[in-house]
Amino acid sequence: MDPRPDTEGAGITVQRALELPGLRSGLPEILAGADRLTRTVRWVHAGEVPNIASLLKGGELLLTTGYGLGTRPADQRAFVRTLAERGIAALVVELGPRFTRLPATLVETARTAGLPLVQLHREVPFVAVTEEIHTEIVNGHYALLQRAEEVHRRCTEALLGGGGVPQVLAVLAGAAGNPVFLETPDGRLLYAAGPGPEGADPLQVWEGLRGQHKDTPPPAGSVLVDVPGGGPGTGSVRARLVLLPVRAPLAPVHRMAAERAAGILAVVLMQARQEEELAARGRGDFLTDLAEGRITAENAPAQARVLGFKPGASPLLPVVMRLGDTLAPGGGWAVLARAVAEELAAVGVPVLLGVRPV
53 MDPRPDTEGA GITVQRALEL PGLRSGLPEI LAGADRLTRT VRWVHAGEVP
103 NIASLLKGGE LLLTTGYGLG TRPADQRAFV RTLAERGIAA LVVELGPRFT
153 RLPATLVETA RTAGLPLVQL HREVPFVAVT EEIHTEIVNG HYALLQRAEE
203 VHRRCTEALL GGGGVPQVLA VLAGAAGNPV FLETPDGRLL YAAGPGPEGA
253 DPLQVWEGLR GQHKDTPPPA GSVLVDVPGG GPGTGSVRAR LVLLPVRAPL
303 APVHRMAAER AAGILAVVLM QARQEEELAA RGRGDFLTDL AEGRITAENA
353 PAQARVLGFK PGASPLLPVV MRLGDTLAPG GGWAVLARAV AEELAAVGVP
403 VLLGVRPV
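In terms of my numbering, the numbers along the sequence shown are unbroken and rise by one, the last being 410.
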């Protein structure tokens, strides 16, 4: 299999390019790399110079009549190898005055290098082929932007409807089909949204893939997006969005949606200073689920540790209190919660303190 398959919305595949009328009219014949036609074509380039690889950046579909390939087998091998090393998507050679059939040396080198090689049996206008493929690529990117903007619109509607950061994360998790996490710049979990694989709790997912591996790269295919804080230096990052591909692969549209959601979260966090509120809400959700039997006794200790609770051997005492109406809804509880936590910590009593809106 090709190690660089197409990712949704990033471009079109080599296979799709060959199916478009322009190249299809040239009667394309695939000579090498038939198992790598899912590669993404990010652009089209046409040229006839021997050193054309130096002009490419990777991901191109190269159109040529073969005059730059050289006449000696050694030159032809070097031409194909440098293109493969450059990471182009495919090499398409139009048969004609230069070649009536591509040399075996060229074909074998392409097979060895894993480079899709296609020969066209009929002449095609390269300009028309380029325009056609580029139009397809641009249309794909436009569709990608539309999908990302739809997620942005739903996140905005959630806020305008009275929701906050949890609701924004829930929208993003639903769009991505995977759990979404908001963590501090140093890797402390603030909030989680969306189910894990087969309905597993997202806290278990985060602990297994992030909580115990803060200093290692995230799993392949993950999406990490910084939530800007508006300050210089380390203060320029207030939090981090993490999308983990545990239920389905993540596509470029999900990164774009996460980047837009991060902009919304940045505004909310700067206005309301919600980091501590989010963490407390997450702990409150856990405590509520525990009290109502939605978390088993076997899983509770591990999930509590994810939230920073490290109990000793003493019995645990659950306490529930309702805030008075005189406390400001936006921050009075935070002052009280912080005071309680500090008082208990001063006497060596571990506490898991959460808040639950009613």
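The C-beta atom is built at its ideal place from N, Cα and C for all residues, glycine as well.
Here the structure is a predicted model, which means the values were calculated and not measured.
(request) Could you tell me which residues DSSP pairs with Asp278 in its beta bridges? (result) Arg292
(message) Taking 8 Å as the threshold (C-beta atoms), are Ala98 and Leu83 in contact?
(response) no
(message) Once the 5 residues before and after Ala343 are set aside, which same chain residues still bring their CB inside 8 Å of it?
(response) Pro370
(message) Which residue marks the beginning of the beta strand (DSSP E) containing Ile140, and which one marks its end?
(response) From DSSP, Ile140 is part of no beta strand (DSSP E); its letter is neither H nor E.
(request) Name the residue from Gly85, His306, Gln198 and Thr157 whose alpha carbon lies nearest to the alpha carbon of Pro168. (result) Gly85
(request) Would you mind giving the Cβ-Cβ distance between Leu113 and Ala141, rounded to the nearest angstrom? I have them listed as a contact below 8 Å. (result) 5 Å
(message) Quick check on Val298: buried or exposed, where buried means 16 or more other Cβ atoms within 10 Å of its Cβ?
(response) Buried.
(request) Using 10 angstroms around the beta-carbon of Glu201, count the other beta-carbons present and answer buried if the total reaches 16, otherwise exposed. (result) In the assembly as shown, Glu201 is an exposed residue. Its beta-carbon has fewer than 16 other beta-carbons within 10 Å.
(message) Across the region 308 to 319 and the region 329 to 348, are there enough close Cβ pairs to call them in contact, namely three or more that are closer than 8 Å?
(response) no
(request) Starting from Thr182, trace the alpha helix (DSSP H) both ways and give me its first and last residue. (result) Phe178 to Leu212
(message) Contact defined as beta carbons within less than 8 Å: I believe Leu255 pairs with Ala244. What is the distance between those atoms, to the nearest angstrom?
(response) 6 Å
(request) Name the two residues that bound the continuous alpha helix (DSSP H) containing Ala245. (result) Per DSSP, Ala245 belongs to no alpha helix (DSSP H); it is in the beta strand (DSSP E), Leu241 to Ala245.
(request) Tell me where the beta strand (DSSP E) around Glu235 begins and ends. (result) Val232 to Glu235
(request) Go to Ala227, then tell me how far its beta strand (DSSP E) extends in each direction, as first and last residue. (result) Counting along the chain, Ala227 falls outside any beta strand (DSSP E), though it belongs to the alpha helix (DSSP H) covering Val217 to Ala228.
(request) Compare the beta carbon distance of Gly63 and Arg88 with 8 Å and say whether it is the shorter of the two. (result) no
(request) Under 8 Å by Cβ, that's how I've got Val181 and Gly111 pegged, so tell me the actual separation to the nearest angstrom. (result) Contact doesn't hold; Cβ gap of about 16 Å is too wide.
(message) Between the alpha carbons of Arg46 and Gln219, how many angstroms are there, rounded?
(response) Residue 46 cannot be examined here, being either before or after the span of the chain that is shown, 53 to 410.
(request) Run the CB neighbour count on Gly10, radius 10 Å, all protein chains shown included, and call it buried at 16 or more, exposed below. (result) This structure cannot speak to residue 10, because the chain is shown only from 53 to 410.
(message) I'd like to know whether the C-beta atoms of Val223 and Val203 end up nearer to each other than 8 Å.
(response) Between Val223 and Val203, the gap from beta carbon to beta carbon is short of 8 Å.
(message) I'd like the list of long-range same chain contacts for Gly122, defined as Cβ closer than 8 Å, with 5 residues on each side in sequence excluded.
(response) Pro102, Gln128, Ala130 and Phe131
(message) According to DSSP, is Ile347 part of a helix, a strand, or is it coil?
(response) In the structure shown, Ile347 sits in coil (DSSP, three-state: anything other than H, G, I, E or B).
(message) Which residues does DSSP list as the beta-bridge partners of Glu112?
(response) Note: Glu112 sits in a beta bridge opposite Trp95.
(request) Kindly indicate which three-state DSSP category Pro363 falls into: helix, strand or coil? (result) coil
(message) For Ala291 and Trp258, I'd like the C-alpha separation in whole angstroms.
(response) 16 Å
(message) Val170 and Val144 - do their beta-carbons sit closer together than 8 Å?
(response) yes
(request) To the nearest angstrom, report how far apart Arg357 and Arg206 are at their CA atoms. (result) 33 Å
(message) Please list the terminal residues of the continuous beta strand (DSSP E) segment that includes Leu261.
(response) Careful: Leu261 lies outside any beta strand (DSSP E) and carries neither H nor E.
(request) Put Thr340 into one of helix, strand or coil per three-state DSSP. (result) helix
(request) Would you decide whether Val217 is buried or exposed? Buried here means 16 or more other CB atoms lie within 10 Å of its CB. (result) buried
(message) Assuming contact is defined by CB atoms lying nearer than 8 Å, are Thr90 and Gln67 in contact in what I supplied?
(response) yes
(message) Along the chain, where does the alpha helix (DSSP H) containing Glu160 start, and where does it finish?
(response) First-last of the alpha helix (DSSP H) with Glu160: Ala156 to Ala165.
(message) Less than 8 Å between the beta carbons of Leu276 and Val294, yes or no?
(response) yes
(message) Restricting to Cα atoms, I'd like to know which of Arg150, Val372 and Val96 is closest to His415.
(response) With the chain covering only 53 through 410, there is no way to say anything about residue 415.
(message) Suppose you measure from the CA of Arg56 to the CA of Gly139; what does that come to, to the nearest Å?
(response) Any reading at Arg56 must be qualified, since the residue scores a pLDDT of 44, below 50, and its modelled position is unreliable; no value is offered.
(request) Using a threshold of 8 Å, state whether the C-beta atoms of Leu242 and Glu250 are closer than that. (result) Not in contact: Leu242 and Glu250 (Cβ atoms no closer than 8 Å).
(request) Count the other C-beta atoms from every protein chain shown that fall within 10 angstroms of the C-beta of Leu404, then say buried if there are 16 or more, exposed otherwise. (result) buried
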